[in-house]
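All remarks here apply to the structure that follows.
There are 2 protein chains.
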Amino acid sequence: MAATIEGRSRELLEGKNFCLVTTLRKDGTPFDVITWVDVQDSRVLLNTAEGRSWPQNLRNDPRVWLVVPNMENPYEYVRLAGRVAEDTHEGADEHIDKLAKKYLGEDKYPFRQEGEVRVKIAIEPEQVQHVGQ
Amino acid sequence: MAATIEGRSRELLEGKNFCLVTTLRKDGTPFDVITWVDVQDSRVLLNTAEGRSWPQNLRNDPRVWLVVPNMENPYEYVRLAGRVAEDTHEGADEHIDKLAKKYLGEDKYPFRQEGEVRVKIAIEPEQVQHVGQ
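Those protein sequences? They're chains A and B, same order as listed. Numbers 1449 to 1581, taken from my numbering, label the letters of the first sequence in order. Numbers 1449 to 1581, taken from my numbering, label the letters of the second sequence in order.
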């Protein structure tokens, strides 16, 4: 049931737009964060750090809902529903540097904390909907 | 258990920032939309139209989760959890005009559809969290 990310939806993910990530807590209530986002092949990539609540939510329930607005015109956005396909430390440091380049124009992610363990999360989209124009 | 909206959180709601609204479908999965937002006294105000899915979700489950980013710096946002306190047609047309003034600088909401019935939704916040800076 994988959905493809193409056209305007892909452009929004590739652009310097922020991603609203909705995960579910153990009690079934949604938890929203805003974060950077990236797309690679058929998957959406997010990056976080161990100890944060939302990757933990995803380990309990791998379903995830994303909204990525066109930051210059938030009447347009892409809405995705999917599942975690991969959750790894491998390549996660390089990946946060790539996101820092995309969003900040910096070669190295400047907010790294001592002892921080980065996590790269790949999401397989099941539904992709482009809203507005 | 009402929470107050004050300081920077209130400024973000008063500013020309968009609101991510998370509601729950009957099957418990979250549904996200981006919309205009307003604050009046202790309540958050949203405006929608009959026939849309998210106000219907709120009639099934009045719990709602909001994220309002600083659109000029989305590393800062306010996250609210609350419940629908009022869901009314009364004053809803005037209220969408007020939002059009805030977001578009127009006296009248320009996207009104023929036969559209506007709905004003007031939310009583139970948790208000300011994130980032």
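The beta-carbon is built from N, C-alpha and C at its ideal position, and this holds for glycine as well.
Closer than 9 Å at the C-beta level to chain B, one finds these residues of the stretch 1473–1500 of chain A: Gly1476, Thr1477, Pro1478, Phe1479, Asp1480, Val1481, Ile1482. Residues of the stretch 1524–1554 of chain A with a C-beta less than 7 Å from any C-beta of chain B: Tyr1525, Arg1527, listed in chain order. Here A:Val1565 is near A:His1537, since their CB atoms are less than 8 Å apart. Ranked by how close their Cα comes to the Cα of A:Glu1574, the residues A:Ile1482, A:Ser1490, A:Arg1473, A:Trp1484 have A:Ser1490 in first place. For A:Thr1470, the residues of chain B that pass the 7 Å Cβ criterion are Thr1470, Pro1478, Asp1480, in the order they occur in the chain. Interface annotation, B:Trp1502: not in contact with chain A, CB-CB separation never under 8 Å. Put simply, the CB of B:Val1515 is near chain A, with a gap under 8 Å to one of its CB atoms.
At a Cβ-Cβ threshold of 8 Å, B:Thr1477 and B:Val1512 do not count as neighbours.
B:Asn1521 and B:Gly1463 have their C-alpha atoms roughly 12 Å apart. For A:Arg1473, the three-state secondary structure derived from DSSP is coil. In this structure, B:Asp1486 is the residue among B:Arg1473, B:Asp1486, B:Arg1458, B:Arg1456 with its C-alpha nearest to the C-alpha of B:Tyr1551. Judged by DSSP in its simplified three-state form, B:Ile1544 adopts helix. At a cut-off of 8 Å, the C-beta of B:Pro1522 has a neighbouring C-beta in chain A.
Inter-residue distance for A:Asp1480 and B:Phe1479 is about 12 Å (C-alpha atoms, whole angstroms).
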